[in-house]
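Before any comments, here is the structure.
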Amino acid sequence: MNITEILFWFLTALAILSALMVVFSRNPVHSVLWLILVFFAISGHYIMLNAQFLAIVNLIVYAGAIMVLFLFVIMLMNMNSDSEPQKNKWLKMAGTVAGGSLLLILVAALKNSEVQYQKVEGAQGTIGLIHNLGKTLFTDYVVPFEISSVLFLSAMVGAVVIGKKD
Amino acid sequence: MGPASMIVLIIAAVVFSLIAIFASKFVLKATRNKQKGEPYECGVPTQGKTWVRFNVGYYLFALIFLIFDVELIFLYPWAVAVKQVGWIALVEIIIFFFILFIGLLYAHKKGALKWT
Amino acid sequence: MNVIILSAILGVIMMYTGVMSKNKSTARYVATAGILALIGANWLEFAGVNFFNIDTRGMLEFTSFGLVFNLIILVCTLVYFLLSGKDLEEVGANAADYFALIFFILTGIAIVSAFKTMLMLFIGIEIISIPLYILAGSDKKNLRSNEAALKYFLMGSFSTGLMLMGIALLYGATGTFYTDGMYLGLGNITVMKMAGLVLLMISLGFKVSAVPFHFWTPDVYDGSPTVFTSFMATIVKAAFFIAFLLLFENAFGRMHSEWQFAMALITAATLIIGNITAVFQQSVKRMLAYSSIAQAGFMLLAIFALNNIGKQGLILYTAAYSLPTIGIFAVLMRMKDYTYEGFNGFAKHQPLLAALLAVFLFSLAGIPLTGGFFAKYYMLVAAMKNGAMFWLVIIGVCCAAISVYYYFRIIQAMYFREGADPGIQVSEGFKTVLVLTAVLVIILGVHPDWLLHLLDN
Chain C
2 MNITEILFWF LTALAILSAL MVVFSRNPVH SVLWLILVFF AISGHYIMLN
52 AQFLAIVNLI VYAGAIMVLF LFVIMLMNMN SDSEPQKNKW LKMAGTVAGG
102 SLLLILVAAL KNSEVQYQKV EGAQGTIGLI HNLGKTLFTD YVVPFEISSV
152 LFLSAMVGAV VIGKKD
Chain F
2 MGPASMIVLI IAAVVFSLIA IFASKFVLKA TRNKQKGEPY ECGVPTQGKT
52 WVRFNVGYYL FALIFLIFDV ELIFLYPWAV AVKQVGWIAL VEIIIFFFIL
102 FIGLLYAHKK GALKWT
Chain D
32 MNVIILSAIL GVIMMYTGVM SKNKSTARYV ATAGILALIG ANWLEFAGVN
82 FFNIDTRGML EFTSFGLVFN LIILVCTLVY FLLSGKDLEE VGANAADYFA
132 LIFFILTGIA IVSAFKTMLM LFIGIEIISI PLYILAGSDK KNLRSNEAAL
182 KYFLMGSFST GLMLMGIALL YGATGTFYTD GMYLGLGNIT VMKMAGLVLL
232 MISLGFKVSA VPFHFWTPDV YDGSPTVFTS FMATIVKAAF FIAFLLLFEN
282 AFGRMHSEWQ FAMALITAAT LIIGNITAVF QQSVKRMLAY SSIAQAGFML
332 LAIFALNNIG KQGLILYTAA YSLPTIGIFA VLMRMKDYTY EGFNGFAKHQ
382 PLLAALLAVF LFSLAGIPLT GGFFAKYYML VAAMKNGAMF WLVIIGVCCA
432 AISVYYYFRI IQAMYFREGA DPGIQVSEGF KTVLVLTAVL VIILGVHPDW
482 LLHLLDN
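Have a look at this one:
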């Protein structure tokens, strides 16, 4: 095992464990904090795949901004252990069974698929480097890039319409 | 090694700062009292729990911040690639930011940025 | 491209109209003028005049099919503005912003009617969806509207997540975002690609509220302000269908046989459950929500069949379903009582409106001489031409018969029951527009070719 592999397994274990903790924590604020750890672990994976831009986006937008939003929502709702709604036991069971079935089917289907024989590009790939990404984004993908600003604009209008006091 | 070295660096940074924190534990004589646990050691004592309900007003700001945060992300690849792509990239980013500036101006005119 | 850019600009103009003008009605006039400009721009593009010459690297392709579809959508939006613009102003205090959001949605619709890459599909679908979540919750003081918005948002973003997952898997399998590059050759359909296809089918099925992904539809349509239900159930629904059809035709058309059976099952379930549940509804608004599921079943036949007649049928269906539904909703919005009993004795007090409503209901039920007849006819012929799975056609015919029951319940209440004056007031302009809409529906039913001839350009 070289150092890359050790790091890979470490980050993987960290991601899965913290993801489980997100689900199992009773306190919603703790869930959010664990989720931040998940994002950090996944960013580590991105860096190992040489996808720097994705790693930065993941850290700045997800671990930074979106988590702040999550915390805001939790703070807005004034949650504590007393007011936490009791979930239906059957609903929980049904959710587990449904999620488990999807996992089983996807694993069963994908284990023999072509993925197995294609080696991940790993650190050799250069497409995820910021430089290459920038070049592609501003030459080939200009139109989607500019159109996405319309999406931002509509999100802005939405935020103002919904969030502002009348 | 490439990217792995970057992660090693990150871990080293974390370990280094942890060492700094724990080193102070050994060097200093630890004192613990109630006063020290307060968020503000001097000043008005805090009242009630810290987990109180926030004003909804913050949320609008957080949302608008998020939108601009995502926009900002696009500046990174632009800044790196602008020299190679040339002036057309400049035009593209100006259009992009102009559209978003329109959005900001709108939020301002609507009074969404006013704290009431 | 004309429509995409112009409607985005119009959205911005609407945003600032709300800020600049204190008069509530200004927004409506500007929006109506804007939609007329859009229709003109679309027509010019159809005639070969492009205002903007942008190299999209083949990501967008403006075919006559997409442009005709856009034309219908824009005309429907015009009718919607004229009929329901006033009611739109009544919801909350942000009328101009709602118009702005609607123009942004039109941008998204123009994108999904022309996309050639998965990337554009995703951006288009998002530009349509995000304003919709907001419109669903625009009646902020009303808890049911809040619930509708939250439900729609949670379910909608989940389905968008599935779509992204599907796109990612397809990209992994083929290495391209372009829909033309999705074909690997028959017998070469790998598990990864199939998984991507199924995820896309599920997420788009959700967007068009196909059974079994329809559970959000009645609650969202019922809870949202009726003005926006009218918009969501007609124009937006048709837009998701065009995205569905174009994606499955361009990307997966050559592996049609692989997914046809799954699509047949979805179609059959949508037809049966949509129609049968609609029978048991007591509220007309909720009935229309289920009827939109039922009509979606017929539109799904076009994707099942994936042939030229189906495409023509979808164009026809968009017009023959949207126009009447907008008309019915425009009248329904003015009623106090949304149950069937509310329509008792309607014909006596409002003879003209009752007659027009009857025309619209005939069209939805697919009675000859109205647009709905030819729309359903084209869909069934398309499914029959396809050859495979004849049982689907039989289900379609049976379901069309069932649908007559619940549409005619309104007509029965209007004409054969006694009731108090519903006390609705409509202006002369409203009546004129409604009459013109009805005339359009009848013209579609007598001579649908004039619309379909446009496709040959």
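Quick note, the sequences are listed as chains C, F and D, same order. To convert a position in the first sequence, counted from 1, into our numbering, add 1. To convert a position in the second sequence, counted from 1, into our numbering, add 1. To convert a position in the third sequence, counted from 1, into our numbering, add 31. From the three backbone atoms N, C-alpha and C, an ideal C-beta is built for every residue, glycine too.
Of the choices the options, whose alpha-carbon is the least far from that of residue i?
i	options	result
M286/D	D211/D, A180/D, Y111/D, L465/D	D211/D
L113/D	G450/D, G476/D, E459/D, V477/D	E459/D
L296/D	A378/D, M364/D, V242/D	V242/D
S150/C	I100/F, G112/F, T47/F, A90/F	I100/F
S44/C	W116/F, I95/F, K30/F, P4/F	P4/F
L465/D	I36/D, Y111/D, F246/D	Y111/D
Q381/D	A451/D, S52/D, K182/D	A451/D
A42/C	K30/F, P46/F, I11/F	I11/F
Y164/D	F335/D, Y348/D, W247/D	W247/D
Y436/D	M318/D, S234/D, Y129/D, F405/D	M318/D
Would you identify the three-state DSSP class for residue i, choosing helix, strand or coil?
i	result
S155/C	helix
S314/D	strand
L92/C	helix
T207/D	coil
T87/D	coil
F66/F	helix
Y118/C	Residue placement at Y118/C cannot be trusted, given a pLDDT of 48 that sits under 50; what the coordinates show is reported in the next sentence. Note: Y118/C maps to helix in three-state DSSP.
F146/D	strand
E6/C	helix
T47/F	coil
T370/D	strand
L486/D	helix
I8/F	helix
A108/F	helix
K462/D	helix
I334/D	helix
Report buried or exposed for residue i, applying the criterion of at least 16 other Cβ atoms within 10 angstroms of its Cβ.
i	result
V161/C	buried
D86/D	exposed
F275/D	buried
N281/D	buried
Y118/C	The predicted model places Y118/C with a pLDDT of 48, which falls under 50 and marks its position as unreliable; any figure quoted below should be read in that light. When all chains shown are included, Y118/C counts as exposed.
A16/C	buried
K367/D	exposed
Y183/D	buried
N56/F	exposed
Do residue i and residue j have their C-beta atoms within less than 9 angstroms of each other?
i	j	result
F83/D	M32/D	yes
W422/D	A299/D	yes
L201/D	M149/D	yes
L345/D	F100/D	yes
Y60/F	G96/C	no
A361/D	S261/D	yes
L8/C	S19/C	no
F283/D	L228/D	yes
S434/D	T370/D	no
L105/F	F69/F	yes
A396/D	L475/D	no
L98/D	S144/D	yes
T265/D	S323/D	yes
M68/C	V33/C	yes
A15/D	G305/D	No answer is possible for residue 15/D: the residues shown for chain D start at 32 and end at 488.
Which chain F residues are close to residue i, counting only those with a beta carbon under 7 angstroms from its beta carbon?
i	result
V43/D	I103
A66/C	F66, L67, D70
M46/D	Y107
Along chain F, which residues have their Cβ under 8 angstroms away from the Cβ of residue i?
i	result
V106/D	The premise fails here: V106/D is roughly 28 angstroms from chain F at the closest Cβ pair, so nothing lies under 8 angstroms.
I48/C	P4, M7, I8
At 7 angstroms on the CB atoms, spell out the chain D contacts of residue i, in chain order.
i	result
A110/C	V222, A226
K111/F	V50
I4/C	Ordered by position in chain D, no residue passes the 7 angstroms Cβ test against I4/C, which lies about 27 angstroms from the chain.
S149/C	I154
Just to make sure I have the definition right: I need the residues of chain D whose C-beta is within less than 9 angstroms of the C-beta of residue i. Which are they?
i	result
V62/C	Neighbours of V62/C on chain D: none; closest Cβ ~15 angstroms, over 9 angstroms.
Just the chain C side, please: which residues come within less than 8 angstroms of residue i by C-beta, in chain order?
i	result
I68/F	F153, A156, M157, A160
Name the chain C residues whose beta carbon is nearer than 7 angstroms to that of residue i?
i	result
G168/D	I163
V86/F	K136, F139, T140
P78/F	F54, I131, L134, G135, L138
* Mind checking the stretch 88-102 of chain C against chain B and listing, in chain order, the residues whose C-beta falls within less than 7 angstroms of any C-beta there? => The displayed structure is made up of protein chains C, F and D, and chain B is not among them.
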